[in-house]
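Here it is, written out as structure tokens:
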């Protein structure tokens, strides 16, 4: 009887383990997807902004005399440069974050496996619970980090834009006689 029970337990544990692993994988997949989406969005936004700026500048240029027009051209070049660099950096950051996430997940999986191997039957359930809790916590932390990163990035972008515009306004081009 006891043996039977044990066997049953073992089977059940195996099942649970498999399911959990599956879930983990699924989570990983979802995360990846989300990240990709975010990156795409960011890129798109940046491009759009750039386009808008360009158009506005063009419009302005139409109404100017030759010298002013030249200045505008220069400005545009500068803007282009800045925007592109910022976009690339952000994407890189995102990639890095993704990698980190993946690593974390892998580690988790490993840990789980180890636990499964090592633990006794009775403790198993408790340990499972603990693990789950821990994982949840980790996820939360990660999410928070991501959010923070995003915020920071946005801030940086805005700041850069502002500075750039300021520079443009105060630049010696504009101080030159019209």
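Numbering (this note's numbering), first residue to last: 672 to 849. Glycine residues also receive a C-beta, built at the ideal position from the N, C-alpha and C atoms. This one's a predicted model, so the numbers in the text were calculated from it and none came from an experiment.
Counted within 10 angstroms of its Cβ, other Cβ atoms place residue i as buried (16 or more) or exposed
{"i": "residue 849", "result": "Its pLDDT being 49, under 50, residue 849 is placed unreliably by the model, and the measurement read from it follows with that caveat. By the neighbour-count rule (16 or more Cβ atoms within 10 Å), residue 849 is not buried but exposed."}
{"i": "residue 823", "result": "exposed"}
{"i": "residue 828", "result": "buried"}
Distance between residue j and residue i (C-alpha atoms, nearest Å)
{"i": "residue 835", "j": "residue 808", "result": "40 Å"}
{"i": "residue 701", "j": "residue 715", "result": "21 Å"}
{"i": "residue 692", "j": "residue 811", "result": "19 Å"}
{"i": "residue 837", "j": "residue 694", "result": "51 Å"}
{"i": "residue 681", "j": "residue 675", "result": "10 Å"}
{"i": "residue 725", "j": "residue 736", "result": "18 Å"}
{"i": "residue 672", "j": "residue 703", "result": "47 Å"}
{"i": "residue 731", "j": "residue 697", "result": "51 Å"}
{"i": "residue 733", "j": "residue 830", "result": "29 Å"}
{"i": "residue 821", "j": "residue 679", "result": "48 Å"}
For residue i, three-class secondary structure by DSSP
{"i": "residue 721", "result": "helix"}
{"i": "residue 832", "result": "helix"}
{"i": "residue 736", "result": "coil"}
{"i": "residue 730", "result": "helix"}
{"i": "residue 672", "result": "coil"}
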